[in-house]
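First up is the structure itself, then whatever we jot down about it.
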Amino acid sequence: MMLDPFYLIIDSAAWIRRLVPLGVKLVQLRVKDRSTPEIRAEIRESKAICAAHECQLIVNDYWQLAIEEGCDFIHLGQEDLATADLTAIRAAGLKLGLSTHDQAELATALAAEPDYIALGPIYPTILKAMPWAPQGLERIGQWKARIGNIPLVAIGGLSVERLAGVFGHGADIAAVVTDITRNPDPESRTREWIEATRRVPSN
Numbered sequence: 605m606m607l608d609p610f611y612l613i614i615d616s617a618a619w620i621r622r623l624v625p626l627g628v629k630l631v632q633l634r635v636k637d638r639s640t641p642e643i644r645a646e647i648r649e650s651k652a653i654c655a656a657h658e659c660q661l662i663v664n665d666y667w668q669l670a671i672e673e674g675c676d677f678i679h680l681g682q683e684d685l686a687t688a689d690l691t692a693i694r695a696a697g698l699k700l701g702l703s704t705h706d707q708a709e710l711a712t713a714l715a716a717e718p719d720y721i722a723l724g725p726i727y728p729t730i731l732k733a734m735p736w737a738p739q740g741l742e743r744i745g746q747w748k749a750r751i752g753n754i755p756l757v758a759i760g761g762l763s764v765e766r767l768a769g770v771f772g773h774g775a776d777i778a779a780v781v782t783d784i785t786r787n788p789d790p791e792s793r794t795r796e797w798i799e800a801t802r803r804v805p806s807n
């Protein structure tokens, strides 16, 4: 499947409202520590904004709510994958992205027949404490060789300046969080990312 090479990950509909109209075509809503009604409202608003701007919305973790709200794409970490009802997810027609950090997790992910696989952290990241060491660029090539035509998302510590190396080693998509959300000018940085990823030749 074809997904935009620029993958924005943010934690609220407010961010989606702010950045998606700039030309973002692939975004993940990753909401944490909110009540179910609040999360549902965030999903509902995000879905409407993305539909208006022809942007693919991916909901993180909350696959039941994603089904109920008529979404079409979810992302699961390995712990969430272990408890998710993949039969229900597929029956609802949802596409599935999965996180991986080592060979065992990659094998688990491939068994679920995902629509993309994410590898990270590529570089050290300040987003959250990670039990895994940075993967490095060489691991991207190893993962891509193993997963073949499944899109590979690189995540963790990425910046516009690091994109050439990430794509050059085989990643199809580059995911970003803090390089944009903690930038003093998120709008300008988003535009830089869009422009940089548009220049990347397809693998």
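The numbering used here applies: residue 605 is where the sequence shown begins, and numbers increase by one.
Backbone N, C-alpha and C define an ideal beta-carbon position, used for all residues, glycine too.
These numbers come from a predicted model, not from an experiment.
Rounded to a whole number of angstroms, what is the C-alpha to C-alpha distance between residue i and residue j?
i	j	result
residue 761	residue 773	16 Å
residue 650	residue 616	8 Å
residue 620	residue 614	7 Å
residue 775	residue 673	31 Å
residue 713	residue 787	32 Å
residue 684	residue 675	18 Å
residue 729	residue 689	30 Å
Looking at C-alpha atoms only, which residue of the options is the closest neighbour of residue i?
i	options	result
residue 654	704, 639 and 630	630
residue 702	673, 643, 667 and 729	667
residue 739	714, 704 and 749	704
residue 693	747, 717, 710 and 709	717
residue 725	795, 788 and 757	757
residue 749	609, 710 and 690	710
residue 766	727, 643 and 751	727
residue 642	801, 669, 657 and 652	669
Taking the beta strand (DSSP E) that residue i falls in, what are its first and last residues?
i	result
residue 660	660–664
residue 703	699–704
residue 631	630–633
residue 762	Counting along the chain, residue 762 falls outside any beta strand (DSSP E), and DSSP gives it neither H nor E.
Between which residues of its own chain and residue i is the CB-CB distance below 6 Å, once the five residues before and five after are set aside?
i	result
residue 671	696
residue 664	632, 634 and 679
residue 745	773 and 774
residue 769	741
Determine the DSSP secondary structure at residue i, reduced to helix, strand or coil.
i	result
residue 748	helix
residue 690	helix
residue 784	helix
residue 775	coil
residue 721	strand
residue 757	strand
residue 714	helix
Return the chain-ordered list of same chain residues with a C-beta closer than 8 Å to the C-beta of residue i, the five sequence neighbours on each side being excluded.
i	result
residue 706	736
For the alpha helix (DSSP H) containing residue i, name the first residue and the last one.
i	result
residue 623	617–623
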